[in-house]
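Residues 491 to 920 in the numbering used here are what the sequence shown spells out, letter by letter.
Step one of this worksheet: look at the structure below.
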Amino acid sequence: MPGRLKRVLTFREVVIFGIGIIIGAGIYSIIGKAAAAAGSGVWVSVLIAGIITGFTALSFAEMTGMYPKTSSYFRLFKDTSKKIGRAWGFIVEWFLVLAAIFSIATIALAFGGYLSSFFNISILVAAISIIIFAGIITFLGIKESVITTVLFTFVEVTGLIIVIILGLLFAKPNVRILFGFDLNYNIFYAASLIFFAFTGFELIPPQSEETIAPKKLIPKAIIGSILISTVIYMLVAIATVSMFDVELLGASTAPLVDAVISNFGSNAALLVWFSAIIATSSTILGIIIASSRLMYGLGKEKLFPSFFSKVTKRFKTPFVAIAMICSVGIIGIVLIQDLTTTAEIANLLTLLTFYSVNISIVALRWLRPNIRREFKVPLTIKNTPVPSLIGAILCVLIILQFPMNILINGLFITLIGIAFYLLTREKYII
Numbered sequence: 491m492p493g494r495l496k497r498v499l500t501f502r503e504v505v506i507f508g509i510g511i512i513i514g515a516g517i518y519s520i521i522g523k524a525a526a527a528a529g530s531g532v533w534v535s536v537l538i539a540g541i542i543t544g545f546t547a548l549s550f551a552e553m554t555g556m557y558p559k560t561s562s563y564f565r566l567f568k569d570t571s572k573k574i575g576r577a578w579g580f581i582v583e584w585f586l587v588l589a590a591i592f593s594i595a596t597i598a599l600a601f602g603g604y605l606s607s608f609f610n611i612s613i614l615v616a617a618i619s620i621i622i623f624a625g626i627i628t629f630l631g632i633k634e635s636v637i638t639t640v641l642f643t644f645v646e647v648t649g650l651i652i653v654i655i656l657g658l659l660f661a662k663p664n665v666r667i668l669f670g671f672d673l674n675y676n677i678f679y680a681a682s683l684i685f686f687a688f689t690g691f692e693l694i695p696p697q698s699e700e701t702i703a704p705k706k707l708i709p710k711a712i713i714g715s716i717l718i719s720t721v722i723y724m725l726v727a728i729a730t731v732s733m734f735d736v737e738l739l740g741a742s743t744a745p746l747v748d749a750v751i752s753n754f755g756s757n758a759a760l761l762v763w764f765s766a767i768i769a770t771s772s773t774i775l776g777i778i779i780a781s782s783r784l785m786y787g788l789g790k791e792k793l794f795p796s797f798f799s800k801v802t803k804r805f806k807t808p809f810v811a812i813a814m815i816c817s818v819g820i821i822g823i824v825l826i827q828d829l830t831t832t833a834e835i836a837n838l839l840t841l842l843t844f845y846s847v848n849i850s851i852v853a854l855r856w857l858r859p860n861i862r863r864e865f866k867v868p869l870t871i872k873n874t875p876v877p878s879l880i881g882a883i884l885c886v887l888i889i890l891q892f893p894m895n896i897l898i899n900g901l902f903i904t905l906i907g908i909a910f911y912l913l914t915r916e917k918y919i920i
């Protein structure tokens with residue numbers, strides 16, 4: 491018998507939780523690599539990634555308004571197709587869980603990079619340590635975990651505001667450079683990297699069973715967290731390239747800190763460094779919280795062994811799922827140890843999920859037009875939600891920007907997921 495989760499989260503807590511996952515998930519870790527690819531036009535890459543995310547976020551909001559469950563993805567695809575819906579739903583949740591694990595590995599490596607820039611400590615040791623620490627906090631309860639995430643979010647946003655103020659008010663951006671960037675730079679490839687900075691909102695729906703009035707609050711929380719994060723990202727991108735050479739940003743393990751040091755010295759950078767440490771910690775914590783609920787939902791739907799849906803009697807947290815997420819994340823770090831590779835794999839799996847959700851929202855408008863929707867994607871033409879359709883097309887365009895080795899890895903992960911589903915579907919279905 492699956493355990494029950496506690497319904498205690500408010501709208502404000504879910505929004506801040508979403509911002510905490512989104513912001514820490516990339517701007518502190520991947521901005522340097524994106525700037526090296528796009529040059530001074532990195533802000534355009536941010537805008538492109540933000541637009542794609544916005545279209546898709548509307549689809550996620552509609553999905554959650556229909557299915558406010560930890561297994562909302564599975565239920566969406568199950569209703570979309572009677573023949574392949576169950577398998578499709580499993581594969582998408584498989585993508586989400588593995589994307590979360592690769593994201594944890596990416597952010598943990600970024601955490602290690604920032605920590606090692608001030609202390610003589612191995613990046614690998616620091617990365618593993620923060621995953622273990624975040625796993626323990628997650629185990630202690632959802633309310634406690636989210637309160638910690640909320641506090642961390644205020645610190646990380648403060649750090650970004652410092653970067654924005656220093657870059658825009660004191661470094662004085664060169665408008666000619668910002669708008670006269672070299673088109674030879676790979677703007678769209680950089681957008682595929684920056685896209686990682688927007689991931690995280692897809693982990694808000696799994697909090698539905700722990701949120702008060704989820705059908706109304708979760709869709710609003712998704713949209714609100716995306717809008718706030720986009721504004722912050724645009725300003726940070728402009729501020730960063732105004733302070734530091736884009737090639738040096740690409741080579742840096744702590745890009746925002748190095749950008750501030752180059753202009754204002756180590757004292758000012760210390761504040762940004764501390765914010766980066768908190769931001770990466772907050773994101774890891776948030777992803778572990780959300781992805782463990784995804785695994786809990788898979789166990790509850792009998793797509794994974796039922797022990798993944800077990801919760802502790804005292805804290806009401808899915809302890810088996812938490813332990814699995816943390817363990818596989820650590821293994822990923824040890825085996826790969828490359829931030830760009832883990833980020834690209836996480837991005838690819840997330841984009842495949844986004845494409846699937848967008849297409850399903852379009853299909854359900856035709857297949858089940860009378861289903862109750864607390865939120866509907868706006869701008870509908872002949873019962874087709876245009877933003878969802880555009881979001882699906884843009885997801886495909888960004889997927890095509892990935893290197894071939896990453897696409898092959900994605901295919902390999904998909905085949906493993908299909909094999910796992912085919913081998914276990916009879917065992918766990920009652």
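Note that the Cβ used here is the ideal one computed from N, Cα and C, for glycine as well.
Predicted, not measured: the structure shown is a model, and the values here were computed from it.
Contact set for residue i: own chain, Cβ-Cβ below 6 angstroms, skip 5 residues either direction
i: Met733; result: Gly657, Ala661, Ala749, Asn753
i: Ile889; result: Leu841
i: Ser846; result: Val582
i: Trp584; result: Gly907
i: Gly900; result: Leu838
i: Gly714; result: Val505
i: Leu793; result: Phe580
i: Ala589; result: Ala836, Leu839, Thr840
i: Cys885; result: Leu841, Phe844, Tyr845
i: Gly575; result: Phe567, Lys568
i: Ile767; result: Tyr604
Residue closest to residue i, alpha-carbon to alpha-carbon, out of the options
i: Ile652; options: Trp533, Phe764, Phe805; result: Phe764
i: Val810; options: Leu829, Leu839, Ile778, Gly822; result: Ile778
i: Ile594; options: Ser535, Ala525, Ala687, Leu842; result: Ala687
i: Lys803; options: Gly555, Lys705, Gly631, Ile903; result: Gly631
i: Leu614; options: Ile826, Leu857, Ile880; result: Ile826
i: Gly881; options: Asp569, Val852, Asn873; result: Val852
i: Ile452; options: Cys816, Leu586, Ile581; result: Missing from the structure shown is residue 452; the chain here goes from 491 to 920 and no further.
i: Thr546; options: Ser619, Ser796, Gly690, Arg576; result: Gly690
i: Glu503; options: Ile712, Glu791, Asp735; result: Ile712
i: Lys633; options: Ile812, Glu700, Val867; result: Glu700
i: Ala600; options: Leu887, Lys710, Lys523; result: Lys523
i: Val818; options: Ile591, Ser772, Ser771; result: Ile591
i: Ile708; options: Ile506, Leu912, Gly540, Thr914; result: Ile506
i: Ser549; options: Phe629, Val636, Pro695; result: Pro695
i: Ile511; options: Ile718, Arg863, Ala813; result: Ile718
i: Lys705; options: Gly508, Gly555, Val498, Ser742; result: Gly555
i: Ser850; options: Thr570, Ala528, Tyr557, Gly508; result: Thr570
Other residues of its chain near residue i: CB distance less than 8 angstroms, five sequence neighbours each side excluded
i: Leu869; result: Pro875, Val876, Pro877
i: Ala909; result: none
i: Met491; result: Summary for Met491: the model assigns pLDDT 48, below 50, so the residue's position carries little reliability; its value from the coordinates is reported in the next sentence. Within the same chain, Met491 has no close Cβ partners at all.
i: Glu737; result: Ala526
i: Trp533; result: Leu668, Met724, Ala727, Ile728, Val731
i: Thr452; result: Because the chain spans 491 through 920 in this model, residue 452 falls outside it and cannot be assessed.
Sheet register partners of residue i (DSSP bridge)
i: Ile871; result: Thr874
i: Leu499; result: Thr701
Neighbourhood of residue i by C-beta distance below 7 angstroms, restricted to the same chain and skipping five residues each side
i: Val536; result: Ile684, Tyr723, Met724, Ala727
i: Ala759; result: Val747, Val750, Ile751
i: Thr500; result: Ile702
i: Ser682; result: Asn837, Ile888, Gln891, Phe892
i: Lys559; result: Arg565, Ser698, Glu699, Gly787
i: Ile611; result: Leu605
i: Lys866; result: Glu552
Whole-angstrom C-beta distance between residue j and residue i, which should lie under 8 angstroms
i: Gly603; j: Val762; result: Not confirmed; about 14 angstroms, so no contact.
i: Ser781; j: Pro808; result: Actually they do not touch by this definition, with Cβ atoms about 10 angstroms apart.
i: Asn873; j: Arg855; result: 5 angstroms
i: Ile774; j: Ala598; result: 6 angstroms
i: Leu784; j: Val587; result: 5 angstroms
i: Thr596; j: Thr904; result: With 8 angstroms as the limit, Thr596 and Thr904 do not qualify as a contact, their Cβ atoms being about 20 angstroms apart.
i: Ser772; j: Glu864; result: Actually they do not touch by this definition, with Cβ atoms about 29 angstroms apart.
Any non-hydrogen atom of the ligand SAM within 7 angstroms of residue i CB
i: Ile651; result: The ligand content of the structure shown is nil, which means the ligand SAM is not present either.
Range of the contiguous alpha helix (DSSP H) that encloses residue i
i: Ala661; result: From DSSP, Ala661 is part of no alpha helix (DSSP H); its letter is neither H nor E.
i: Tyr604; result: 575-606
i: Phe734; result: Run containing Phe734: none; DSSP gives neither H nor E here.
i: Gly776; result: 745-790
i: Ile521; result: 521-528
i: Ser562; result: 562-570
i: Glu864; result: Per DSSP, Glu864 belongs to no alpha helix (DSSP H) and is neither H nor E.
i: Thr628; result: 613-629
i: Glu552; result: 532-556
i: Asn848; result: 829-857
i: Ile823; result: 809-826
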